[in-house]
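Colleague:
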């Protein structure tokens, strides 16, 4: 893959999605790392908002601890608010493997979240059973792409709740991504 300048565009996001869907996953794939680095910088500079084509996507930065390395790594992730809960999906574009951050939060659920310019500690809790089905359906009603991602793989896309630790974030959760369910 030829790597040109990284811009936060739908086309660049498409390149990232194709890269992470590879059977071996993104690994140290150059486009994924470069795109994530640019997006993280833009989110921090814009206090949780980015300009341009991707500005309509609600994004946060979640920092988890590597289960093998112990290194804390940030990841930009789309989020949704359903039933007043802050949720993310380990979709990896519908790839057949979970993203590394998901394996990390299963091993160590303590994360740091940067949302709309505010930072707080949280516990990452995978949803299960009927709860997962209900919130996943609400998310798909808002962002149909996740139905497409689910149809591309045999694995169940994990939906993870980010539960704040000693922080009231209710003022951050009233945004436009709140599906009514």
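Numbering (my numbering), first residue to last: 87 to 267. A virtual CB, placed ideally from N, CA and C, is assigned to each residue, including glycine. Note that this is a predicted model, so its numbers are computed, not measured.
1) Give the straight-line distance between the Cα atoms of residue 248 and residue 234, rounded to the nearest whole angstrom.
2) According to DSSP, which residues form a beta bridge with residue 208?
3) Quick check: what's the CA-CA separation for residue 250 versus residue 207?
4) Please report the Cβ distance between residue 245 and residue 218, rounded to the nearest whole angstrom; I am assuming they are in contact, meaning their Cβ atoms lie under 8 Å.
5) Can you name the residues that DSSP bridges to residue 258?
6) Helix, strand or coil, according to DSSP, for residue 157 in the structure here?
7) Please go through the same chain and pick out, in chain order, the residues whose beta-carbon is closer than 6 Å to the beta-carbon of residue 174, but skip the five residues on each side of it.
8) Do residue 148 and residue 161 count as a contact pair if the criterion is CB distance below 8 Å?
9) By Cβ distance, which residues of its chain are closer than 7 Å to residue 177, with the 5 residues on each side in sequence left out?
10) If you draw a straight line from the alpha carbon of residue 130 to that of residue 203, how long is it in whole angstroms?
11) At which residues does the alpha helix (DSSP H) containing residue 225 begin and terminate?
12) Can you tell me which residues form a DSSP beta bridge with residue 148?
13) Start and end of the beta strand (DSSP E) containing residue 173?
14) Roughly how many angstroms lie between the CA atoms of residue 212 and residue 137, to the nearest whole one?
15) Please go through the same chain and pick out, in chain order, the residues whose beta-carbon is closer than 6 Å to the beta-carbon of residue 171, but skip the five residues on each side of it.
Modeller: According to the structure shown:
1) 24 Å
2) 197, 250
3) For residue 250 and residue 207, the distance between alpha carbons rounds to 6 Å.
4) 5 Å
5) Looking at the DSSP assignment, residue 258 forms no beta bridge with any residue, so it has no partner.
6) DSSP places residue 157 outside both helix and strand once states are collapsed to three, so it counts as coil.
7) 163, 165, 246
8) yes
9) 232, 235, 243
10) 7 Å
11) 215-228
12) 161, 199
13) 171-175 is the extent of the beta strand (DSSP E) around residue 173.
14) 31 Å
15) 247
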